[in-house]
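Count along the sequence shown from 1, add 4, and you get the number used in the numbering used here.
Below: one structure, written as structure tokens.
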Amino acid sequence: MAAIITGLPTAASAKDGPTYYTPERIATARENLEHYDWARAAFERVKTGDGFRYYIGPEFGPAEIYAEQSDEFMWLLQPTTKIARSMEYEARAICPVHGTDVRDISPWCPYRIDPINHPYKIQCMLGGEWYPSNDYAAGDMTSGDY
């Protein structure tokens, strides 16, 4: 009896179709795209994105580029727990090459990211170099100067 009772919530809440983007919402979106400039502009913005910065970034990333990636690639974009999630306030916005000069660009985060072509790296907006110099995506945790 307990197995039946504990199995009921799972069976009752099992998802068997779209719940947020229902067929009706999708039909409305398609109709809006056909009739309204604002809808087409919003759709293009979501597809192409606003450009990347680091975590102080765009409102929209480029959905088109992510949709082209494999499930495995998307899964691997999520870093492991081996990467520290916090840093000292004084350590912000310091470049290994340009030091605190990068703060002239942005006092908190003067970096760009490109998760598709340079996963797990940031690019200095002052000099254009990518950090870290090791290849974390390939499992390399220690090589390179930075």
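Ideal Cβ placement from N, Cα and C applies to all residues, glycine included.
Which listed residue (the options) has its alpha carbon closest to that of residue i
i	options	result
residue 82	141, 145 and 63	141
residue 77	93, 87 and 121	121
residue 132	106, 92 and 35	106
residue 54	69, 33 and 21	69
residue 128	93, 94 and 104	104
residue 111	101, 96, 21 and 90	96
residue 146	63, 119 and 87	87
residue 101	117, 134 and 118	134
residue 119	31, 73, 113 and 21	73
residue 113	39, 99 and 64	99
residue 64	49, 139 and 71	49
Cβ distance (whole Å) where residue i is taken to contact residue j below 8 Å
i	j	result
residue 4	residue 66	Residue coverage of the chain in this structure runs from 5 to 150, which leaves residue 4 outside it and unanswerable.
residue 150	residue 136	5 Å
residue 109	residue 130	6 Å
residue 45	residue 36	Not confirmed; about 11 Å, so no contact.
The ligand PLP heavy atom lying under 7 Å from the CB of residue i
i	result
residue 124	The model depicted lacks the ligand PLP and carries no ligand whatsoever.
Reduced DSSP category for residue i - H, G, I as helix; E, B as strand; rest coil
i	result
residue 140	helix
residue 30	helix
Counted within 10 angstroms of its Cβ, other Cβ atoms place residue i as buried (16 or more) or exposed
i	result
residue 126	buried
> At which residue ranges does the stretch 42-115 contain complete alpha helix (DSSP H) runs of 4 or more residues, listed in the order of the chain?
Replying inline: 67-71 and 75-80
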